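Residue numbers (my numbering): 10 to 166.
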């Protein structure tokens, strides 16, 4: 599945003001829900999954990210919501639940085809390893983020 097909303008949010992980996730999820991408069960399912399998990723560069997602049964149509926070919030680390990661960018994934999840996560991980890519997302507005992603050759397959 090509990320270009999953990232839409209505799913890009910048300058999110959130006090904590819950507030950040709720704000990003609202974009998916209000645009018809996910069911009303999606948010609670994401929260439940975060407890067992946290999604904070320390990248070793200026900004860290989180990739919250849940099962396809909670999804109506596939999409990725990108949320850029004004200030980082703490997420539990994907690698170790005991460690907290300051997250600046959230990629909330909603996939209605479960078999595509590994492929999409691999593509996304390849992108976020690029420090310049992640930093650029924190500097741009919604329209510019969309254009930036759509013009990257490594996104277009």
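By construction, the Cβ of each residue, glycine as well, lies at the ideal position given by its N, Cα and C atoms.
Nothing here was measured: the structure is a model prediction, and the numbers come from that model.
| query | result |
| --- | --- |
| Evaluate residue 104 with the Cβ neighbour count: other Cβ atoms within 10 Å of its Cβ, from every protein chain shown; 16 or more gives buried, anything less gives exposed. | exposed |
| Can the beta-carbon of residue 40 be found closer than 8 angstroms to that of residue 19? | yes |
| Does residue 45 pass the burial test, meaning 16 or more other C-beta atoms within 10 Å, or should it be called exposed? | exposed |
| Identify every residue that forms a DSSP beta bridge with residue 117. | 90 |
| Which same chain residues end up closer than 6 angstroms to residue 10 when comparing Cβ atoms and leaving out the 5 residues on each side of it in sequence? | Annotation note: pLDDT 46 at residue 10 (below 50); position unreliable, coordinate value reported separately. Result list for residue 10: 125 and 129, in chain order. |
| Report, in whole angstroms, the separation of the C-beta atoms of residue 154 and residue 112, which I expect to be a contact under 8 angstroms. | Not a contact, Cβ separation roughly 17 angstroms. |
| Does the separation of the CB atoms of residue 30 and residue 98 fall below 8 angstroms? | yes |
| Under a Cβ-count criterion, where at least 16 other Cβ atoms within 10 Å of its own Cβ denotes burial, should residue 65 be classed as buried or exposed? | buried |
| Under a Cβ-count criterion, where at least 16 other Cβ atoms within 10 Å of its own Cβ denotes burial, should residue 127 be classed as buried or exposed? | exposed |
| Would you list the one or two residues that DSSP bridges to residue 37? | Per DSSP, none; premise fails for residue 37. |
| Tell me whether the region 46-54 and the region 77-87 touch, counting them as touching only if at least three CB pairs, one residue from each stretch, are closer than 8 angstroms. | yes |
| Could you have a look at residue 111 and say whether DSSP puts it in helix, strand or coil? | strand |
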